[in-house]
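Visitor: Here UniProt numbering is used: the first residue of the sequence shown is 24, the next is one more, and so on. Before we start, here is the structure in question, set down as structure tokens.
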Amino acid sequence: PTERRSLIMLFGANGDLAVRKLYPAMFKLFEKGNIRDHFAVIGSSRYKVDDAKYRDMVTKSVEKESSNKKMIANFASHFYFVTHDVTDLSHYSVLKDKADELDKKYKLEGNRVFYISMAPNFFGTVAKNIKNQGLLSNNSGFNRLVIEKPFGRDFESAKELNDELSNAFEENQIFRIDHYLGKEMIQNIEAIRFGNTIFEALWNNRYIDNVQVTLAEKLGVEERAGYYDNSGALRDMVQNHIMQIVSLLAMEQPVAFKDTDIRAEKVKALRSLRVYNVAEASTNFVRGQYGAVGESKAYRNEDGVPKDSNTETFVAGKLLFDNYRWSGTPFYIRTGKELADKFTRVDVVFKKPLVDIFSFPQSGKALLNANVLTIYIEPTQGFSLVVNAKNSEQGFHTEPVNLEFLEDSKRTKETPQPYERLIHDVLKGDGTNFASWPEVASAWKFVDQIRRVWDIQQPMFPNYIPGSMGPVSADELLARDHREWIYKL
Ligand code: BG6
24 PTERRSLIML
34 FGANGDLAVR
44 KLYPAMFKLF
54 EKGNIRDHFA
64 VIGSSRYKVD
74 DAKYRDMVTK
84 SVEKESSNKK
94 MIANFASHFY
104 FVTHDVTDLS
114 HYSVLKDKAD
124 ELDKKYKLEG
134 NRVFYISMAP
144 NFFGTVAKNI
154 KNQGLLSNNS
164 GFNRLVIEKP
174 FGRDFESAKE
184 LNDELSNAFE
194 ENQIFRIDHY
204 LGKEMIQNIE
214 AIRFGNTIFE
224 ALWNNRYIDN
234 VQVTLAEKLG
244 VEERAGYYDN
254 SGALRDMVQN
264 HIMQIVSLLA
274 MEQPVAFKDT
284 DIRAEKVKAL
294 RSLRVYNVAE
304 ASTNFVRGQY
314 GAVGESKAYR
324 NEDGVPKDSN
334 TETFVAGKLL
344 FDNYRWSGTP
354 FYIRTGKELA
364 DKFTRVDVVF
374 KKPLVDIFSF
384 PQSGKALLNA
394 NVLTIYIEPT
404 QGFSLVVNAK
414 NSEQGFHTEP
424 VNLEFLEDSK
434 RTKETPQPYE
444 RLIHDVLKGD
454 GTNFASWPEV
464 ASAWKFVDQI
474 RRVWDIQQPM
484 FPNYIPGSMG
494 PVSADELLAR
504 DHREWIYKL
């Protein structure tokens, strides 16, 4: 592998994300030689920690990744800590001096990644001060900004944040994290579509009846109620992850497989998504909140959640594209917490043959099934295709059979985790798997309309039980269109 040289300045170094995901991801890159001798991390946060303690913390967070203690110690020796209050300007000069020192020490050639993984209200302040306090390297190296979610809470606040960021960084220097874009099978959507004539030739409203995207979670809000209750499933999962998946499924073929071309197509797709008026928003989207069953707690009884909370923990919706490829073919989406199981999948439901010559209504047998291409994203990775075939009984009857490719569990385990891929992409300067501003803006404009309606209508919560697939209204949404969810309990 090519070794990437860079300083990584991490804001929010003690945070949960850093400890659970970022340090292990960096370690993987180190182990494989994507980063090695010429990298250094300045971790910062408001805590008073010295380098030794910080390295202990980093060591602990990566211990389960390897039994090679020497490798881990070498990795940890690249980490430095600076106590930092992001609103105190004088602290930035300490960061700057440290950055300059490490640049020399590790021969980083002026390459800098600023990674902001902290409370969203500080995103803008930090970006502004990075620039104004002279932290950008001004020799030949690169300056890149990585920004965690959430990117605003509606279009207005997202725009404000984006304006702040763009005062300090160019769009091609800003890497907005959506960790779903780092998932193996989400990246595989492009391979499946554009690498296979048999799919892409049929990938339109003439042959596809509907597309279903399911992001189901088994867990509840856990200890994140403070954040989640102010967000809800629509902002937490739909605006970002689901919109990104949908845009990859709906976009036209990019001119080339590179970030600018792919982004251009995703933006076009998102811009042709029909933004609903009040009536459409209330019929095409449904929400849910889980109640109690058996031992499990209702959402309103979770720690930190107000007893009268109207925050949705489930969303299902129907999306319509007003463009030549998709007009008339709905995309149904759903996501929720405390559902039956953790699974993420896409089901592409093809139209049945216009004429079913095998249909023998008198015998009640042999009605053709729709071909369904399922992309299994998690926990299983793979895909399957349902086709109709003749069964081997006497007489002539068709039955659906499944052509399936599932990644074996060893390969699935070895698949690089999203953060490993994404940090590597940042170091390479490849923005393919990050959300560009126009994409984020379009997604908010769509989602804001739903939110607007929900904010004035009183929901009937709770309306689904843990372990189910959400409220009945989610099934009714499809039943109304004479369809049903492919994945059912
Ligand atoms: C995050 C959401 O973006 O994605 C969480 O904030 C959610 O609420 C998580 O649980 C799901 O991610 P994954 O990778 O576990 O499917």
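Beta carbons are placed, not taken as given, at the ideal position from N, Cα and C, and that holds for glycine.
Using the C-alpha atoms, what's the distance from F308 back to M324?
Guide: Sequence inspection shows Asn at residue 324; the Met mentioned does not correspond to that position. Distance between the alpha carbons of N324 and F308: 25 Å.
Visitor: Can you give the Cα-Cα distance for E335 and H61, rounded to whole angstroms?
Guide: Their backbone Cα atoms lie some 46 Å apart in a straight line.
Visitor: Given a cut-off of 7 Å on the beta-carbon distance, is the pair L158 and K119 in contact?
Guide: yes
Visitor: If I measure Cβ to Cβ from L238 and keep anything under 7 Å in the same chain, skipping five residues before and after, which residues do I get?
Guide: M260, H264, I265, T358, T367
Visitor: Using 8 Å as the Cβ pair cut-off and three pairs as the minimum, do the stretch 186-205 and the stretch 162-177 touch?
Guide: Put simply, the stretch 186-205 touches the stretch 162-177. At least three CB pairs are less than 8 Å apart.
Visitor: Please determine, among Y203, N37, E430, the residue with the shortest C-alpha to C-alpha distance to F102.
Guide: N37
Visitor: If I follow the unbroken beta strand (DSSP E) through I58, where does it start and stop?
Guide: No beta strand (DSSP E) contains I58, which DSSP labels as neither H nor E.
Visitor: Does the beta-carbon of S459 have 16 or more other beta-carbons within 10 angstroms, so that it is buried, or is it exposed?
Guide: Within 10 angstroms of the beta-carbon of S459 lie 16 or more other beta-carbons, which makes it buried.
Visitor: CA-CA distance, E245 and E401?
Guide: 20 Å
Visitor: Hey, I398 and I215 are a contact pair by Cβ (cut 8 Å); roughly how many whole angstroms apart?
Guide: 7 Å
Visitor: Tell me which same chain residues have a C-beta within less than 8 Å of the C-beta of G493, skipping the five on either side of it?
Guide: G311, F337, A339, R357, G359, L362, Y487
Visitor: Pick out whichever of G405, F484, S491, D448 has its Cα sitting closest to the Cα of E207.
Guide: G405
Visitor: Identify which residue in F457, R506, I479 has its Cα closest to the Cα of H202.
Guide: F457
Visitor: How long is the line joining the alpha carbons of D284 and L271, rounded to whole angstroms?
Guide: 12 Å
Visitor: Our contact map puts A63 next to L30 with C-beta atoms below 8 Å; I'd like the distance itself, whole angstroms only.
Guide: 5 Å
Visitor: What do you reckon, are the CB atoms on D123 and H114 nearer than 7 Å?
Guide: no
Visitor: In chain order, which beta strand (DSSP E) runs of at least 3 residues are fully inside the stretch 122-153?
Guide: 135-139
Visitor: Report the CB separation of L257 from V476 in whole angstroms; it is logged as a contact under 8 Å.
Guide: Contact doesn't hold; Cβ gap of about 11 Å is too wide.
Visitor: Is S465 helix, strand or coil when you go by DSSP?
Guide: helix
Visitor: Which whole-angstrom value is the C-beta distance of K374 and I479, which I expect to be below 8 Å?
Guide: Actually they do not touch by this definition, with Cβ atoms about 38 Å apart.
Visitor: Which runs of the beta strand (DSSP E) spanning at least 3 residues fall entirely within the stretch 294-357, listed in chain order?
Guide: 308-311, 337-342
Visitor: Is T106 helix, strand or coil when you go by DSSP?
Guide: strand
Visitor: Short of 8 Å in beta carbon distance, which residues of its chain neighbour D73, apart from the five on each side in sequence? Order them along the chain.
Guide: If we look at D73 and ignore the five residues flanking it on each side, its Cβ neighbours are F104.
Visitor: For the stretch 185-220, list the alpha helix (DSSP H) runs that are entirely contained and at least 4 residues long, ordered along the chain.
Guide: Here the runs fully enclosed are 207-217.
Visitor: Just how far apart, CA to CA, sit K413 and K291?
Guide: 42 Å
Visitor: Do you know whose CA, among V149, E303, D331, L184, lies nearest D252's CA?
Guide: D331
Visitor: Quick check: what's the CA-CA separation for H505 versus T306?
Guide: 15 Å
Visitor: A259: beta carbon under 6 Å from a heavy atom of the ligand BG6?
Guide: One point to set straight first is that residue 259 is Asp, not Ala, in the sequence displayed. Yes, the beta carbon of D259 sits closer than 6 Å to at least one heavy atom of the ligand BG6.
Visitor: Quick one: what's got a C-beta closer than 6 Å to P277's C-beta in the same chain, skipping five residues either side?
Guide: Counting only Cβ-Cβ distances below 6 Å, and skipping sequence neighbours, we find D284, I285, E288.
Visitor: Can the beta-carbon of E132 be found closer than 7 Å to that of G164?
Guide: Yes, the pair counts as a contact, with Cβ atoms nearer than the cut-off.
Visitor: Tell me where the alpha helix (DSSP H) around R368 begins and ends.
Guide: Here R368 belongs to no alpha helix (DSSP H); instead the beta strand (DSSP E) covers 366-373.
Visitor: Measuring CA to CA, which of Y250, N394, L343 is closest to D326?
Guide: Y250
Visitor: If you draw a straight line from the C-alpha of A502 to the C-alpha of P376, how long is it?
Guide: 21 Å
Visitor: Considering only residues of the same chain and omitting the five flanking positions on each side of G317, which have a CB-CB separation below 6 Å?
Guide: none
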